[in-house]
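Some notes on the structure that comes next.
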Amino acid sequence: MKQISERLLVAGFIGTTFLIAILFFILPQQRFSELENRYLQAAPQLTWDNLISKKFAEEAESFITDHFPFRDKWLWVKSTSEQARLQQENNGIYNGKDGYLFEKFLEPDYTKVQQYTESVNQFASKHPEVNMTFMLAPTSIGLYPERLPWLAPSYPQREVNRFIGHQMEDEITFIDGFDVLTPHASESIYYRTDHHWTTYGAYLAYVAYAEQKGWQPLSQQDFLIETVSDSFLGSYHTRSQFTGLTPDFIEVYKPRDSAPTEMYIADSNQTLTGMYDESFLAKKDQYSYFLGGVHALMKLTTELDSQQVAQDKLLVIKDSYAHNVLPFLTNHVSEIHVIDLRYYNGSITDYLNENGIKDVLFLFNTATLVEDASLLKLN
Amino acid sequence: MSLVFYAWGEPVYIVIMLVSTLTDYCFGLLLDKPNMTSVKRKGIVACSVIVNLMLLSYFKYADFLIQNVNALIGTNIPLTELPLPIGISFYTFQSMSYIIDVYRGTAKAQRNWIDFGTYVALFPQLVAGPIVKYSTIAEQLKHRSENMKMFAEGVRRFTIGLSKKVLLANNIGLLWDTISSSSPETMPVLTAWLGIIAFAFQIYFDFSGYSDMAIGLGLMFGFRFNENFNKPYIAQSITDFWRRWHISLGSWFREYVYIPLGGNRRGLAIQMRNILIVWMLTGFWHGASWNFILWGLYFGVILIFEKWWGLSLLQRAPRWIRHFYAIILILIGWVLFAFDQPSLIVGYLGAMWGFNGQALWNNETIYFFYTNAVLLIVLIIASVPLKQWPRTSGLSIAHLVWYGFLYLLSVAYLVDATFNPFLYFRF
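Chains as they are written, first to last, in this note's numbering: chain W, 1 to 379; chain F, 380 to 806.
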């Protein structure tokens, strides 16, 4: 008996190890992981330089973990066992109540936050002739602290927004996302599995901005609201791989009498008709349906009737929270320039002058703002 | 095979290992020549030890020395900033043990250079020990027996080691990472204790996991290495702890430094000096930084205390007090080990005793506790000796299922290896 079980153990160990190795070589290899929304490591090149610089070994290791046979099943095993041991977070994502996932938000470095705000102030004082509005949206953790796992550490984003609002000079109109969203907190204004707001959340932000500008915002009845996806498991899911979640819906608000919008993407020098890229709905990162994802510089041109035009030109300096807000703005502004400071490296001042722009909207979420230093590139 | 493994991590430094191996191979042969005078033999040993220590100093300690010289006399010598060759602390110590054993006549010189190379670069234990003394393995190099029984034992040992590292050490390490990166000024007492307990578990399961994997792989290839750990956290005193922790390093220093210095045979003062020297070196071996020296001396002082008064005092105390005493001192030791900035050491120790004026605990503490409760219970169970489980001796079906489960779960955690630090990288 003892002999047999020893053989079984050895056979099992060697067998499993070799089976995994064989499957690794015979299974077809994906280039892109839909589940994790990233390109996987390609097979490493064996050259002398690569070998000496350790690049070969490093790439081979990522190649193996990335193309591990049945990778998603293994990830599921890990995530399930983590949940079973009462761990409430994985890779910085909390597994909250009511099916909500949240990105951990801890106390930011206020000296840095002050520098970023200062940078905006300085930019504003250099351009007294330009109207500036700064909208700062909380992420879902800011609005729903009660949905966090029991006693999970988290810092109130409301404090950060208040601090920034206080620091900002009076010539900049500051819109605190909390004031806009809190009255609607019980509605679905955030995706449960992604770090963005829903189209409805974006609609509320649009209404607030329009009212502040003195435009007449469209009511919800002016739109055909369509559900374009009911299978959205967003970035929070990607990072945490928590199981047992209900996918989110993605809605799109199409104006009943709409004017066609042209979208020019400077990065690739492409002009597209329409602001939605349906191909992303079949992928993991469905939020990129809006505007086709992140671009450094874009221009949205809309043929509006003269009585519709509230404004000729607007520059939006933003992070991805703007992607589902911008389509609303095209109902009022005929030429919207969109800059993502994380990827745009030109001078903003030159850009304003060259294009004769007199209105700027800053649109950020609190989490990106405190982590990303790109606002320093303003000046 | 061993060399391929090594070259994988350090393509260039393989040369260093080959040089060190070759010199000691030649020195060993020289020592074995029949007509050597004792002066010459001493000279050869000295040369070998100097070559090995030079290699180690250059790669491990040069920058530490330069930094201190720069700070002391205000010079501005640039740092070498060389990455530490993998396992250099282990293979130089092994080479030295060979030469000294041959010199003392406890082992015969190895004429077969392949066998000698195998000893130095034995890949299972190359990265993190145990440090194998030449005399214990000389016989096995020649008459190695690979059989099913040993291979099965090796598989079990390897699986246990792998799960210790991947399932236990890495996961509790996340808790330590979170706690240690927050500021000690605002840290409640219990969070500080929980943090250092997490570190204690992380370092034990990381290091002993590597040792288990090495011993397991050794068994699969027909070698039997000495044990490196023996449930250190059940120790009843610090003396006891160091008999259970990193045993191969302790016995190396004992055999090749403490005893040659005179050990305990030359009076109290000399013995005390010897203990302090050995423990300073033990600390310094762990890393080129002052906090490791401090950590070593800290244990040296405690051991001296225990030797002359402490142990006899402790004998009179009940068992749980002895255990409590040892654990507290070990945990304080880990604070010295974990931080290399004096301000952080002082701050963290202060937080542990409430000198920062913080409460005993806060909500965060409770969150840390309950989200890690299951893991902590597993860690405690894995740290104490248990009755054999499953109860049958030998391999039952329950064993097979258990090892299969551990192996597959470890693979799952490795596949999602976003967090896989190698704690003993400094050695």
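Glycine included, each C-beta is placed from N, C-alpha and C at the ideal position. On a predicted model such as this, the values are computed, not experimentally measured, just so you know.
Check                                                                                                                                 : Outcome
Proximal chain F residues relative to T16 of chain W, where beta-carbon distance stays under 9 Å                                      : G783, Y786, L787, V790
Nonlocal neighbours in the same chain, by C-beta distance under 6 Å from A667 of chain F, ignoring five residues either side          : K439, Y440, F443
Reference Y583 of chain F, options F:N742, F:Y470, F:G484, F:L710, closest by Cα                                                      : F:L710
Rounded separation between V424 of chain F and I479 of chain F - CA only                                                              : 7 Å
Buried versus exposed call for Q220 of chain W [16 or more other C-beta atoms within 10 Å across all chains shown]                    : exposed
Beta strand (DSSP E) runs contained entirely in the segment 89-118 of chain W, provided each spans 3 or more residues                 : 93-95, 101-103
Interface residues of chain F facing R147 of chain W [CB-CB closer than 9 Å]                                                          : In chain order: nothing, as chain F lies at least about 15 Å away.
Within 9 Å, strictly: CB atoms of L297 of chain W and D350 of chain W                                                                 : no
Min CB distance L233 of chain W to chain F below 9 Å                                                                                  : no
For N653 of chain F, three-class secondary structure by DSSP                                                                          : helix
8 Å CB neighbourhood of L802 of chain F in its chain, flanking five on each side removed                                              : Note that L802 of chain F has pLDDT 39, beneath the 50 cutoff, so the model's placement of it is unreliable and the number below is only indicative. So the qualifying residues of the chain are A548, G552, Q581, I582, D585, F586.
Secondary structure of I429 of chain F, DSSP reduced to three states                                                                  : helix
Cβ neighbour criterion (16 or more within 10 Å) applied to T454 of chain F                                                            : exposed
Residues that F174 of chain W contacts on chain F, provided the C-beta gap is smaller than 7 Å                                        : Per Cβ cutoff of 7 Å: no residues; F174 of chain W is ~30 Å from chain F at best.
C-alpha distance - A593 of chain F paired with V757 of chain F, whole-angstrom precision                                              : 23 Å
V448 of chain F - partner residues in DSSP beta bridges                                                                               : DSSP, once it has assigned bridges, lists no residue as partnering V448 of chain F.
Burial state of S125 of chain W, where buried means 16 or more other Cβ atoms lie within 10 Å                                         : exposed
Continuous beta strand (DSSP E) assignments of at least 3 residues falling wholly in the segment 188-273 of chain W                   : 223-232, 248-255, 261-265, 270-273
Partners in chain W for T750 of chain F, counting only beta-carbon separations shorter than 8 Å                                       : L86, Q87, Q88, E89, P149
Run of the beta strand (DSSP E) containing T173 of chain W, from where it starts to where it stops                                    : 172-176
Option in F:S559, F:V418, F:K487, F:N526 with minimal Cα separation from L723 of chain F                                              : F:S559
Limits of the beta strand (DSSP E) - the one that H337 of chain W falls within                                                        : 333-339
In DSSP terms, what I317 of chain W is bridged to                                                                                     : W:I339, W:F362
Chain-order list of residues whose beta-carbon lies under 7 Å from that of Q311 of chain W (same chain, five-residue window excluded) : H332, V333, D359
Alpha helix (DSSP H) runs wholly inside the segment 708-734 of chain F, at least 4 long, in chain order                               : 721-731
Boundaries (first-last residue) of the alpha helix (DSSP H) holding F70 of chain W                                                    : F70 of chain W -> no alpha helix (DSSP H), and no H or E assigned at all.
CB of L435 of chain F within 9 Å of CB of S468 of chain F, strictly                                                                   : yes
DSSP-derived helix/strand/coil call for T80 of chain W                                                                                : helix
Residues of the segment 417-450 of chain F whose Cβ lies closer than 9 Å to any Cβ of chain W, in chain order                         : none
Cβ separation of G783 of chain F and G12 of chain W, assumed to be a contact under 8 Å, to the nearest whole Å                        : 6 Å
Integer Cβ distance of Q203 of chain W from F328 of chain W, believed to fall under 8 Å                                               : The sequence shown places Tyr at residue 203 of chain W, not Gln. The pair is a contact, with the Cβ atoms about 6 Å apart (cut-off 8 Å).
Residues in the segment 725-752 of chain F having any Cβ partner in chain W nearer than 8 Å                                           : N742, E743, I745, Y746, Y749, T750, N751, A752
Contacts of K78 of chain W in chain F (Cβ-Cβ under 7 Å)                                                                               : A791, Y792, D795
Cutoff 9 Å: Q3 of chain W Cβ touching any chain F Cβ                                                                                  : yes
9 Å Cβ cutoff met for Y513 of chain F and A486 of chain F                                                                             : yes
Members of the segment 651-675 of chain F near chain W, C-beta cut-off 7 Å                                                            : none
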